[in-house]
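Trainee:
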Amino acid sequence: MINPVITIILPLLLGFLSPLLYKHIKIYFKILMISVFTFNILELIIIIPTVSSLPLQIYMGNIPAPFGIMLTFGLTGTIIALMVNFIALCIVFFKLNRNKDCDNEMVFYTVFPILIAALISLANTQDIFNIFVFLEIVTISVYILAGLKKYKKTDLSVIKFITGTSIGALLMLTGIAALYALTGSLNIIHIHSILTGYAYFNTYLFNIAVFIILTGLMVEAYMFPFNIFVTDIYAHTQTINGAIYSGLVQSIVVFVMIKLIKLFIINPMFLNIMIVIGIVTIIFSQFSAFTEKNIRRMLGFSSFAQSGLLITIVALSLKSGVHNELFSLAIMMIIIHAISKFTMFLAADRFIDENGNIINKKKAGQVSFFAFIIATLTLVGIPPFPGFYIKFRIISELLRINYPWMAVIIVISAFLEIIYLLKTARKFFVKNSTDSNEPLISILAAILPLLIIFLFSVNPAYLYRSSSEMDFKEETEISIQEINETSILNEHIEENNIEE
Amino acid sequence: MKKILILMIFSFLAVSLMLFFMQINSSKSSMQSISGDYYLTSNAKDFNIPNVVTSIVTQYRGYDTIGEITILFLSIIGVFMLIKTTGFSEISKLLQEPGTIVHTATVILFPIIMLFGAYIIINGHLSPGGGFQGGAIIGSGMLLLFLAGDKKELNRTATHIVESISVSIILLIGLLGIYYLNAFFANFLYSLGTFGSIISGGIIPIIYILIGVKVTVEFFHLSEYLLRS
Amino acid sequence: MALVLEILFYLNGIILLTGGLIIAIISRNIIKMIIGFVLAHTGVNIILVSTGYIFNRMPPILNKFQQTNNPAAISVDPVPQALVLTSIVIGVATTSLFMFYALRYYRDNGTIDRDSMEEHND
Amino acid sequence: MLEITITLLLTILSITMLIYIFLTKDIITAAIGTALISLFASILFLIMKAPDVAMTEAAIGAALSGAIIIGVIIRIKKEHR
Chain A
1195 MINPVITIIL
1205 PLLLGFLSPL
1215 LYKHIKIYFK
1225 ILMISVFTFN
1235 ILELIIIIPT
1245 VSSLPLQIYM
1255 GNIPAPFGIM
1265 LTFGLTGTII
1275 ALMVNFIALC
1285 IVFFKLNRNK
1295 DCDNEMVFYT
1305 VFPILIAALI
1315 SLANTQDIFN
1325 IFVFLEIVTI
1335 SVYILAGLKK
1345 YKKTDLSVIK
1355 FITGTSIGAL
1365 LMLTGIAALY
1375 ALTGSLNIIH
1385 IHSILTGYAY
1395 FNTYLFNIAV
1405 FIILTGLMVE
1415 AYMFPFNIFV
1425 TDIYAHTQTI
1435 NGAIYSGLVQ
1445 SIVVFVMIKL
1455 IKLFIINPMF
1465 LNIMIVIGIV
1475 TIIFSQFSAF
1485 TEKNIRRMLG
1495 FSSFAQSGLL
1505 ITIVALSLKS
1515 GVHNELFSLA
1525 IMMIIIHAIS
1535 KFTMFLAADR
1545 FIDENGNIIN
1555 KKKAGQVSFF
1565 AFIIATLTLV
1575 GIPPFPGFYI
1585 KFRIISELLR
1595 INYPWMAVII
1605 VISAFLEIIY
1615 LLKTARKFFV
1625 KNSTDSNEPL
1635 ISILAAILPL
1645 LIIFLFSVNP
1655 AYLYRSSSEM
1665 DFKEETEISI
1675 QEINETSILN
1685 EHIEENNIEE
Chain B
31 MKKILILMIF
41 SFLAVSLMLF
51 FMQINSSKSS
61 MQSISGDYYL
71 TSNAKDFNIP
81 NVVTSIVTQY
91 RGYDTIGEIT
101 ILFLSIIGVF
111 MLIKTTGFSE
121 ISKLLQEPGT
131 IVHTATVILF
141 PIIMLFGAYI
151 IINGHLSPGG
161 GFQGGAIIGS
171 GMLLLFLAGD
181 KKELNRTATH
191 IVESISVSII
201 LLIGLLGIYY
211 LNAFFANFLY
221 SLGTFGSIIS
231 GGIIPIIYIL
241 IGVKVTVEFF
251 HLSEYLLRS
Chain C
4 MALVLEILFY
14 LNGIILLTGG
24 LIIAIISRNI
34 IKMIIGFVLA
44 HTGVNIILVS
54 TGYIFNRMPP
64 ILNKFQQTNN
74 PAAISVDPVP
84 QALVLTSIVI
94 GVATTSLFMF
104 YALRYYRDNG
114 TIDRDSMEEH
124 ND
Chain D
-12 MLEITITLLL
-2 TILSITMLIY
8 IFLTKDIITA
18 AIGTALISLF
28 ASILFLIMKA
38 PDVAMTEAAI
48 GAALSGAIII
58 GVIIRIKKEH
68 R
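Residue numbers (the numbering used here), protein chains in the order written: chain A, 1195 to 1694; chain B, 31 to 259; chain C, 4 to 125; chain D, -12 to 68.
(1) In the DSSP assignment, find the unbroken alpha helix (DSSP H) run with A:Leu1269 in it and report its ends.
(2) Using a 10 Å radius around the Cβ and a threshold of 16 neighbouring Cβ atoms, would you call B:Lys244 buried or exposed?
(3) Per DSSP, A:Tyr1253 is paired with what?
(4) Hey, could you find the ends of the alpha helix (DSSP H) A:Glu1330 is sitting in?
(5) Does the separation of the CB atoms of B:Ser65 and B:Phe77 fall below 7 Å?
(6) Mind listing which residues of the region 42 to 69 of chain C have their C-beta closer than 7 Å to chain A's C-betas, in chain order?
(7) Helix, strand or coil for C:Ser90, going by three-state DSSP, please let me know.
(8) Answer with yes or no whether the minimum CB distance from B:Ser57 to chain C is below 7 Å.
(9) Would you list, in chain order, the members of the region 49 to 62 of chain D that have their beta-carbon closer than 8 Å to a beta-carbon of chain B?
(10) So, D:Ile60 versus D:Ala18, is the Cβ gap smaller than 7 Å?
(11) Quick one: using the 10 Å Cβ neighbour count with 16 as the cut-off for buried, is C:Gly108 buried or exposed?
(12) Say whether chain B places a C-beta atom closer than 7 Å to the C-beta of A:Glu1330.
(13) Report the three-state DSSP secondary structure of D:Asp13 (helix, strand or coil).
(14) Would you please verify whether the beta carbon of B:His190 is less than 7 Å from any beta carbon of chain A?
(15) Would you kindly check if the distance between the Cβ of B:Ile113 and the Cβ of B:Tyr255 is under 7 Å?
(16) Take A:Ile1356 and list the residues in its own chain whose beta-carbon comes closer than 7 Å to its own, dropping the five residues that flank it on each side.
(17) Under 7 Å Cβ to Cβ from A:Phe1280, same chain only, skipping five residues before and after it: list those, please.
(18) Using beta carbons (cut-off 7 Å, strictly below), is B:Gly159 in contact with chain D?
(19) Within the 7 Å Cβ cut-off, does B:Leu240 reach chain A?
(20) Any C-beta of chain B sitting closer than 7 Å to the C-beta of D:Met(-12)?
(21) Got a sec? Which residues, its chain only, sit under 7 Å from A:Ile1361 by beta carbon, not counting five neighbours each side?
(22) Hey, could you find the ends of the alpha helix (DSSP H) A:Gly1502 is sitting in?
(23) Could you say if the region 110 to 117 of chain C and the region 1366 to 1377 of chain A meet the contact criterion of at least three C-beta pairs nearer than 8 Å?
(24) Whole angstroms are fine: how far does the CA of B:His155 sit from the CA of A:Ile1422?
(25) Taking Cβ positions, are A:Ala1317 and A:Ile1446 nearer each other than 7 Å?
(26) Give, in chain order, every residue of the region 210 to 221 of chain B whose Cβ lies closer than 8 Å to some Cβ of chain A.
(27) Taking the C-alpha atoms as reference points, what is the distance between B:Phe40 and A:Leu1493?
(28) Residues of chain A with CB closer than 9 Å to the CB of B:Thr130, please, in chain order.
(29) Between C:Ile93 and chain D, is any beta-carbon pair separated by less than 7 Å?
(30) Ordered along the chain, which non-local residues of its own chain (more than five positions away) have a Cβ less than 8 Å from that of A:Gly1502?
(31) Excluding the five sequence neighbours on either side, which residues of its own chain have a C-beta within less than 6 Å of the C-beta of B:Gly165, listed in chain order?
(32) Compile a chain-ordered list of the residues in the region 80 to 91 of chain C whose CB is closer than 9 Å to at least one CB of chain A.
(33) Would you list the one or two residues that DSSP bridges to C:Ile64?
(34) First and last residue of the alpha helix (DSSP H) that includes C:Arg31?
(35) Within its chain, find whatever has a CB closer than 6 Å to the CB of A:Pro1441; leave out the 5 residues flanking it on each side and keep chain order.
(36) Quick one: which unbroken alpha helix (DSSP H) runs of 4-plus residues sit fully inside the region 109 to 197 of chain B? Chain order, please.
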């Protein structure tokens, strides 16, 4: 078995070498990229049996556990990383025959693999400052990708986006400073063990610090008060940016967020704040999407509603305190949402112009249309598709732990979603006749995610099994045990206890 | 009215942040920084260099530093893209003809700045300084060269090669760590040299010199884009 | 004595942070907004370093003797300093991208005023 | 005592500079003020026993960041004419 750090280093290396190589070996470079992502997928699939029994701890630089930077490839992180690589592969297939899409191809092929490496690392890292650094890589990549093709309002929307994310980064850094001053550590799991292991620990101050960090993250995940500034980046840039942003970046940021909420937020007041923010986000985003004309922005709003939903159900599951599966269901929801949303963006790319309206002249192919419909049905939760299964489980779980009002909100928002998404799909159907002008390779990009969706819908039992195995708590506990075994830390803690 | 409201909100924010951090400061003594103590105590046996900050930046938290150089790289690529899409005029209208004072001062100062920057980079593990600082110093020296009216065309391919190759070597050194000690970025040369000499600390000086080269080239690029585009 | 110094450090950082944010939010000129963010970033860096400060200690550059004899009692905390090194470089990378976006916007539209930017585009 | 005096002086200087940047209409002086504040911060880092950070802040924060901001401003002003 190969060290899974390779899956991060290889795309990074590819990105660094791209300014040298891309000019001379264009087509081979693309093939190289496809083979790197395929290798990553195979590697991650190979390690799944190992990590599902025991999460794989990787100590960067051979430094013992809480002190160096630690990556944990548990089942959750590995599957998320697998999803990221898979979506990256599809996007590369999609880009293969569209050379005229951006003004500078080399820049895209430099930034994109670096973005993927950063996202894989972000999904698995256990270090809070490392999360900050790689999040900055992700946001800077997004700035560059957004500016690649210049429409009329692109620069303005990017400037707004940089403004928002700069505030987010500042908040995050302030929170990290407070967190470090309070606990003396940067490792998330170690901080969690300090938090639960000391009775005298001031959890109120600690949760303020965590809340400052989460506020910074909320800017990236477009929670309610912030999405006013930053949504334009969906509307006025290339459609492929929507796919990258909605499918990859936002999913990973939400994953990091729910990880932090699950581990750190103990004070019930802050849980209530998270729930309120989540619900307001759902309502605001669904109604905005309902009235929105620009298709890209509409799809974007639907994504924000999903992240609000995820935050809310995780906070509710923590608040109820009863053992429940909402957390693992939330992670399955992230995966299904990412795959279907990015398929929708890629499919919609053929139908819409720079202002996000549906174009009449350019005829679209059947495959893209089909993919859009299937992805819509999956996202909304129509029975044969896996989205239904997850939403059904979430609702029944919510009813079991006595939060019927949340179940009602989910159902209402799903209804709104059905209406506006199918309204859009109907427009395609009316305006476009069929046409077989579609290149083979981008059909592949549409079909690959559909295969995954069908795989899940044929056998939901698999989904159930993996979602019940993916309990983050166990992974955390194993990691804590490993950390506590390092002798230095124990001595230190004993010293501190004596002082107290 | 709006301005006064914003001022009030932010002064409230400042006061509450101040209170928050003072409370943290008073409660800090109970859990004195675990990781800081660990780094200070184990630095002598792990890496054997005087500057603990350097060993944290390049080794204990070396993965963050890889992220950091990636960010610099990305920002230069982004600036390159922005310049390309706005139109690129080779000879700048920004710079005026330099006077005698600037010209003479540059002739005297430029070699000294270069030397100082190189010293800072190479001594990064012994004294304050290192790749980022020295690279920035040399990069600002290059800015001086442009101000003095050097109109020679920059060989972009060569600088791109230097940039890409230096980062790739850093990553390859990290991969060698996997090969020898089964951990990315592990210090597989740790037993080399004596305490306080230039060749000590294993791969730390190598990494810092590579970072210095890369940062130099990148800041050079940045100032070149700034003044000549 | 120590407390006064720490209060002054935190005060400096927090005033720079909030003042920078105020400048960033109030000013109409986009360059001035970027300047506000640079100031705020400097402020956060000062806060971060002052969390590691301990009164009457040495900088974390120690000779062999000091490193082997309980260095944790004589040196300030080196971790925040290492973090700030990273943070400063990140700040300059973001600033340069931001400035060049502003430049590109100016070249296309001939304005850097925030309010007129909105009107210009609608 | 010396440390406190210098810190107090730096704090007052930073605050006056901040207010000046807030009030001024001329963005080039604002940019120079930013570089100055970075310089004050670097002295502050030296007092906080962080020589590495002080050096980085002086080289990157004050010099390069200031150079980028001032360069772009000058460019915008030139093209404005």
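Idealized CB from N, CA, C, for every residue including glycine.
Note that the structure is predicted; figures quoted are calculated from it, not measured.
Mentor: If we stick to the structure as given:
(1) 1269 to 1289
(2) buried
(3) A:Met1264
(4) Start and end: 1322 to 1341.
(5) no
(6) Here the close residues are Ala43, His44, Val47, Ile50, Leu51, Thr54.
(7) helix
(8) By this cut-off, B:Ser57 is not an interface position.
(9) Ala50, Leu51, Ala54, Ile55, Gly58, Val59, Ile61, Arg62
(10) yes
(11) Note that residue 108 of chain C is Tyr in the sequence shown, not Gly. Classification for C:Tyr108: buried.
(12) yes
(13) coil
(14) yes
(15) Yes, the Cβ-Cβ distance between B:Tyr255 and B:Ile113 is below 7 Å.
(16) For A:Ile1356, the CB contacts under 7 Å within the same chain, skipping 5 residues up- and downstream, are Tyr1337 in chain order.
(17) Ile1235
(18) yes
(19) no
(20) Chain B has no Cβ within less than 7 Å of the Cβ of D:Met(-12).
(21) Only residues of its own chain outside the window of five on either side were considered, and among them Val1413 have a CB closer than 7 Å to the CB of A:Ile1361, listed in chain order.
(22) 1489 to 1514
(23) Result no; under three Cβ-Cβ pairs closer than 8 Å.
(24) 47 Å
(25) yes
(26) Taking 8 Å as the upper bound on Cβ-Cβ separation, chain A lies near residues Leu211, Asn212, Ala213, Phe214, Phe215, Ala216, Asn217 of the region 210 to 221 of chain B.
(27) Roughly 35 Å between the two C-alpha positions.
(28) What B:Thr130 touches in chain A: nothing, since even the nearest Cβ is about 39 Å away.
(29) no
(30) Met1417, Phe1418, Ile1471, Gly1472, Ile1473, Val1474, Thr1475, Ile1476, Ser1479
(31) Gly242, Val245, Thr246
(32) Asp80, Val82, Pro83, Leu86, Thr89, Ser90
(33) B:Asn81
(34) Element bounds for C:Arg31: n/a, residue is neither H nor E.
(35) In the sequence under discussion, the amino acid at residue 1441 of chain A is Gly, which differs from the Pro named in the question. Contacts found: Ile1281, Ala1532, Lys1535, Phe1536.
(36) 130 to 152, 161 to 177
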